[in-house]
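J.: I'd like to ask some things about the structure below.
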Amino acid sequence: MNRAQKIAWGHVIATLIAFVLSVITVCFMYTMLGIPKAVYGFSLMSLAGLGGLTSVFVKKDKGKVAFDERDAIIKEKAAHAGFAAAFLFTCCACMTPFFVFGPKASISVKWLPQIWIGTFVTQFFFYSLAILVQYGWGARGEKS
Amino acid sequence: MNKAQKRTWHNLVVSLAGLLVMAGALALIKINDLNMADTEDHTALRVLGLLCTIPLILVVILQWGWKRRCDERDMHIERRSLIIGGIAAFVFLGSAVMILIVIRPLGSINVYFLPSLVYLAYFAYLLVSSIAALIQYRCGGKGNE
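Sequences listed follow chains A and B, in order. At the far end of the first sequence sits residue 137, using the working numbering, and the numbering has no gaps. At the far end of the second sequence sits residue 169, using the working numbering, and the numbering has no gaps.
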């Protein structure tokens, strides 16, 4: 397994843990406090940022060729997949209030950074997922 | 000038037109203090909204209809420019959010502004990716046929 795969695994695991924890927290807070305050449980999604630390702990690849053309193409394709998923998420997040609350409704601007952060998390998650899918999830001869 | 460059120029012009139409629509709303949610009035604005979809349709139809004849270099340029465009869309979205928060701290915005944010982000992506591709082709047609 090469460095890119290890980092991608770090991102995916951190994001999934953050998502599961935030959903559990929201469900728990919903039963205790009701819906407006329960949404604050999604702040636990910030734990996904810990996935970024993986690149600090994973050592650089040894050997003569650490990064070749195939790796570059995989990263580029993964970036495309990440941007496509992020755009889809943004579209859904921006259209949902329109359909749920109606065209005359208005929402607080404090939700906008959360949409943007959600977009960012979606991009990184699907970028990492696409890297893992293209490398075949595990070690297939790639060494670090 | 090769096919990929022509497509890029087309995307550049269409994205600029799209951004201008949308900017015009938003300026019209702001200046006249119009309520887009009013279903009984503002037919002109609704026509303008339909106009905003024309650039989108042009992009989609011509992307499908344009016969693709490209080599590895064209594909490499396209991939890199798409990534640059995606980053630009991110930056645009982040900047728009920041500006809205600065203008209206603790305020609220109408829900119909949110889809227009996505629309503008898409055209920012298209514009910057087209510019990035043209820069990589050195803008002209020399040696690219």
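Cβ coordinates follow ideal geometry from the N, Cα and C atoms, glycine included.
#1: Using a beta-carbon distance below 8 angstroms, is A74/A in contact with chain B?
#2: What in chain A is Cβ-close to V121/B, meaning under 7 angstroms?
#3: Please find out if some non-hydrogen atom of the ligand PLP comes closer than 7 angstroms to the beta-carbon of F91/A.
#4: Return no unless some Cβ of chain A is closer than 8 angstroms to the Cβ of L50/B.
#5: Along the chain, where does the beta strand (DSSP E) containing S153/B start, and where does it finish?
#6: Nearest to N134/B by CA position, among V93/A, A123/A, A98/A, L81/A, is which residue?
#7: Quick check on this structure: which residue in T112/A, I0/A, A123/A, V126/A has the alpha carbon closest to the alpha carbon of G155/A?
#8: Is any beta-carbon of chain A found at less than 8 angstroms from that of P139/B?
#9: Is the Cβ of V152/B closer than 8 angstroms to any Cβ of chain A?
#10: Going along the chain, which unbroken runs of the beta strand (DSSP E) with 3 or more residues stay wholly within the segment 28 to 110 of chain A?
#11: Establish whether the CB of T83/A and some CB of chain B are separated by less than 8 angstroms.
#12: Would F94/A pass as an interface residue toward chain B - the criterion being a Cβ-Cβ separation below 8 angstroms?
#13: Quick check on M38/A: buried or exposed, where buried means 16 or more other Cβ atoms within 10 Å of its Cβ?
#14: Residues of chain B with a CB under 7 angstroms from the CB of A98/A: which are they?
#15: Which value, in whole angstroms, describes the spacing of the CA atoms of Y161/B and S153/B?
#16: From the beta carbon of V115/B, is the nearest beta carbon of chain A less than 8 angstroms away?
#17: Along chain A, which residues have their Cβ under 7 angstroms away from the Cβ of S132/B?
#18: Below 8 angstroms, can you find three or more Cβ-Cβ pairs linking the segment 137 to 150 of chain B to the segment 85 to 98 of chain A?
#19: Determine the extent of the beta strand (DSSP E) in which N172/B is found, giving its start and end residues.
#20: To the nearest angstrom, report how far apart N35/B and V45/B are at their CA atoms.
#21: Residues of chain B with CB closer than 9 angstroms to the CB of P29/A, please, in chain order.
#22: Assign T83/A to one of two classes, buried (16 or more other C-beta atoms within 10 Å of its C-beta) or exposed (fewer than that).
#23: Quick check: the Cα distance between V84/B and A7/A, rounded to an integer number of angstroms?
#24: Assuming D204/B is part of the alpha helix (DSSP H), what are its boundary residues?
#25: Below 8 angstroms between beta carbons: does that hold for L40/A and L9/A?
#26: Report the three-state DSSP secondary structure of G129/A (helix, strand or coil).
#27: Could you work out which residues of chain A lie near L106/B, taking near to mean beta carbons separated by less than 7 angstroms?
T.: Taking the definition as stated:
#1: Here residue 74/A is taken as the residue at index 81 of the first sequence, counted from 1. For A74/A, the answer is no, since every Cβ of chain B falls outside 8 angstroms of its Cβ.
#2: Stepping through the second sequence from its first residue, residue 121/B is reached at position 97. The contacting residues are L105, P106, W109.
#3: This structure lacks the ligand PLP, and indeed carries no ligand of any kind.
#4: For the purposes of this step, residue 50/B is taken as residue 26 along the second sequence, with counting starting at 1. Not an interface residue.
#5: Numbered from its first residue, the second sequence carries residue 153/B at position 129. Premise fails: S153/B lies in the alpha helix (DSSP H), 137 to 160, not in any beta strand (DSSP E).
#6: The residue labelled residue 134/B in the question sits at position 110 within the second sequence. Nearest of V93/A, A123/A, A98/A, L81/A to N134/B, Cα basis: A98/A.
#7: No statement about residue 155/A is possible, as the shown extent of chain A runs from -6 to 137 and does not include it.
#8: Taking the first residue of the second sequence as 1, we reach residue 139/B at position 115. By this cut-off, P139/B is an interface position.
#9: To locate residue 152/B, count along the second sequence from 1; it is residue 128. For V152/B, the answer is no, since every Cβ of chain A falls outside 8 angstroms of its Cβ.
#10: 99 to 101
#11: Position 90 of the first sequence, counted from the first residue, corresponds to residue 83/A. It does; some Cβ of chain B falls within 8 angstroms.
#12: Walking along the first sequence from the start, residue 94/A turns up at place 101. It does: the Cβ of F94/A has a partner Cβ on chain B nearer than 8 angstroms.
#13: Here residue 38/A corresponds to residue number 45 of the first sequence, with the count starting at 1. Buried, because 16 or more other Cβ atoms sit within 10 Å of the Cβ of M38/A.
#14: Here residue 98/A corresponds to residue number 105 of the first sequence, with the count starting at 1. Under the 7 angstroms cutoff, chain B gives V135.
#15: The sequence position of residue 161/B within the second sequence is 137, counting from 1. The sequence position of residue 153/B within the second sequence is 129, counting from 1. Approximately 12 angstroms, taken between the alpha carbons.
#16: Here residue 115/B is taken as the residue at index 91 of the second sequence, counted from 1. No, V115/B lies away from the interface with chain A (no Cβ there is under 8 angstroms from its Cβ).
#17: Here residue 132/B refers to the residue found at position 108 of the second sequence. The contacting residues are S99, I100, S101, V102.
#18: yes
#19: Any question about residue 172/B goes unanswered here, given that chain B covers just 25 to 169.
#20: Mapped onto the second sequence, residue 35/B falls at position 11. Mapped onto the second sequence, residue 45/B falls at position 21. Near 15 angstroms, if we compare the C-alpha coordinates of V45/B and N35/B.
#21: Locating residue 29/A in the first sequence gives position 36, where the first residue counts as 1. None at all; the shortest Cβ gap to chain B is about 15 angstroms.
#22: As a working note, residue 83/A is residue 90 in the first sequence. Looking at its Cβ environment, which holds 16 or more other Cβ atoms inside 10 Å, T83/A is buried.
#23: The residue labelled residue 84/B in the question sits at position 60 within the second sequence. The residue labelled residue 7/A in the question sits at position 14 within the first sequence. Straight-line Cα distance between these residues: approximately 36 angstroms.
#24: Within the shown structure, residues of chain B are numbered from 25 to 169, placing residue 204/B beyond reach of any answer.
#25: Position 47 of the first sequence, counting from 1, holds the residue named residue 40/A. Position 16 of the first sequence, counting from 1, holds the residue named residue 9/A. No, the Cβ-Cβ distance between L40/A and L9/A is not below 8 angstroms.
#26: On the first sequence, residue 129/A is found 136 positions in, with the first residue counted as 1. The answer is coil: DSSP assigns G129/A none of H, G, I, E or B.
#27: The sequence position of residue 106/B within the second sequence is 82, counting from 1. Correct list: H73.
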